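*Asks:* In my numbering, the protein residues as written are 1 to 284.
The C-beta atom is built at its ideal place from N, Cα and C for all residues, glycine as well.
For clarity, every value in this text was computed on a predicted model and none was experimentally measured.
Dropping the structure in here first, questions after.
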Ligand SMILES: NC(=O)c1ccc[n+]([C@@H]2O[C@H](COP(=O)([O-])OP(=O)(O)OC[C@H]3O[C@@H](n4cnc5c(N)ncnc54)[C@H](OP(=O)(O)O)[C@@H]3O)[C@@H](O)[C@H]2O)c1
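Below, the structure written as structure tokens:
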């Protein structure tokens with residue numbers, strides 16, 4: 001197995017004084033032995049932030065990849081997410097305990113509420129459970145995913161505790177410029193999910209090929225750099241060690257403001273990949 005060629009990834013400091021690397025590995029669809037091997041190769045290449053979820057059914061693979069890579073636990077930032085069906089306190093607590101058991105870990109660095117599920121209306125209860133788990137030391141940092149500003153406001157009003165991270169769908173078809181700014185104003189770090197457009201034809205956009213040629217990088221590196229420069233932490237998923245390394249190498253070049261804006265101009269009015277609007281979409 002080849003070792004890291006990249007230097008350590010820089011980090012940002014969260015509102016709870018923990019740190020978050022500026023790029024991470026998405027793990028949706030990485031499962032079983034091949035998933036564990038992909039996680040191991042990513043860590044060996046220099047990834048320190050791993051994004052998992054109860055609903056990906058892969059916390060075991062992520063944990064096995066971590067164990068095989070042999071990096072000090074305190075060097076890693078391991079994330080999981082609480083699913084919608086466990087928002088009630090008495091279900092949330094054992095769900096996170098089960099996630100830890102599956103991963104073979106003593107604590108998660110970050111646990112996010114996966115979706116707010118506003119029609120179900122229990123995300124404040126889930127948030128209180130995460131606060132309790134943080135107090136018990138099972139979670140170092142707590143955050144949310146797919147939370148709209150109104151949901152953040154409710155958390156603040158009801159508990160006085162704001163998330164450290166909000167993980168959102170962000171890519172050039174759906175740049176979420178104002179939402180990123182709103183989260184940053186509140187001191188909440190933003191992560192970008194589906195940062196390179198998953199398996200759509202985003203990467204085939206001619207404008208991206210043009211900018212990539214200007215900076216002499218691949219389209220995917222150009223895309224990831226766009227996220228980094230907009231202050232959002234991308235978590236690209238790749239099962240391939242070579243593409244994992246390619247995706248990590250985005251800290252030795254810059255895009256001009258004009259290039260960033262040009263990429264953002266790909267925004268579409270209905271830019272979400274699958275129309276998953278957290279105001280109405282629910283996931284359990
Ligand atoms: N919070 C949420 O609700 C939510 C929702 C969706 C996703 N997520 C998280 O965000 C992560 C990333 O999103 P995603 O998995 O939807 O999509 P993504 O990371 O935008 O795209 C992954 C796809 O891009 C390919 N790819 C990666 N690097 C490449 C490269 N350098 N060149 C060419 N192709 C490349 C991958 O193929 P290979 O694997 O073959 O390289 C895979 O098919 C997920 O894995 C998950 O952890 C969270």
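Give a single yes or no on whether residue 22 has its beta carbon closer than 7 Å to a heavy atom of ligand 1.
*Replies:* False, no ligand heavy atom lies under 7 Å from that Cβ.
*Asks:* Taking the C-alpha atoms as reference points, what is the distance between residue 80 and residue 255?
*Replies:* When rounded, the distance between both Cα atoms is 32 Å.
*Asks:* Helix, strand or coil: which one does DSSP assign to residue 193?
*Replies:* If DSSP states are grouped into helix, strand and coil, residue 193 belongs with the strands.
*Asks:* DSSP has residue 75 in a bridge; who is on the other side?
*Replies:* None; residue 75 has no bridge partner.
*Asks:* To which residues of the same chain is residue 1 closer than 6 Å at the C-beta, ignoring the five residues directly before and after it?
*Replies:* A caution first: residue 1 carries a pLDDT of 29, below 50, which makes its placement in the model too unreliable to give a value.
*Asks:* Is residue 235 near ligand 1, going by C-beta to nearest heavy atom under 7 Å?
*Replies:* Residue 235 Cβ: within cutoff of ligand 1.
*Asks:* With contact counted as at least three CB pairs below 8 Å, one residue from each stretch, are the stretch 126–137 and the stretch 217–236 in contact?
*Replies:* Flag = no, the stretch 126–137 and the stretch 217–236 do not touch.
*Asks:* Which runs of the alpha helix (DSSP H), 4 residues or longer, sit entirely within the stretch 29–98?
*Replies:* Entirely contained in the stretch 29–98, the alpha helix (DSSP H) runs reaching 4 residues are, in chain order, 32–45 and 59–69.
*Asks:* Cα-Cα, which of 146, 176, 179 and 183 is closest to residue 162?
*Replies:* Taking only the C-alpha atoms, the option nearest residue 162 is 183.
*Asks:* For residue 28, verify whether its CB is less than 7 Å away from any heavy atom of ligand 1.
*Replies:* Residue 28 Cβ: within cutoff of ligand 1.
*Asks:* To the nearest angstrom, how far is it from the Cα of residue 188 to the Cα of residue 21?
*Replies:* Going by the C-alpha atoms only, they are around 15 Å apart.
*Asks:* Can you list, in chain order, the stretches of the beta strand (DSSP E) that have 3 or more residues and sit fully within the stretch 161–190?
*Replies:* As far as the stretch 161–190 is concerned, its whole beta strand (DSSP E) runs of at least 3 residues are 165–169.
*Asks:* Cβ of residue 166 within 7 Å of any heavy atom in ligand 1?
*Replies:* No; taking the cut-off as 7 Å, the Cβ of residue 166 has no heavy atom of ligand 1 nearer than that.
*Asks:* Any heavy atom of ligand 1 closer than 7 Å to the Cβ of residue 220?
*Replies:* True, at least one ligand heavy atom lies under 7 Å from that Cβ.
*Asks:* In terms of DSSP beta bridges, what is residue 111 paired with?
*Replies:* DSSP, once it has assigned bridges, lists 80 and 142 as partnering residue 111.
*Asks:* Does the count of Cβ pairs from the stretch 64–79 and the stretch 23–43 closer than 8 Å reach three?
*Replies:* Output reads yes: the stretch 23–43 touches the stretch 64–79.
*Asks:* Please classify residue 34 as buried or exposed, where buried requires at least 16 other C-beta atoms within 10 Å of its C-beta.
*Replies:* The residue is exposed, with fewer than 16 neighbouring Cβ atoms inside 10 Å.
*Asks:* Which stretch, first to last residue, makes up the alpha helix (DSSP H) that contains residue 155?
*Replies:* Residue 155 -> alpha helix (DSSP H) spans 149–159.
*Asks:* Buried or exposed for residue 8, please, with buried defined as at least 16 other CB atoms from any protein chain shown within 10 angstroms of its CB.
*Replies:* Residue 8 should be labelled exposed.
*Asks:* Specify, as a first and last residue, the run of the beta strand (DSSP E) that residue 267 falls within.
*Replies:* No beta strand (DSSP E) contains residue 267, which DSSP labels as neither H nor E.
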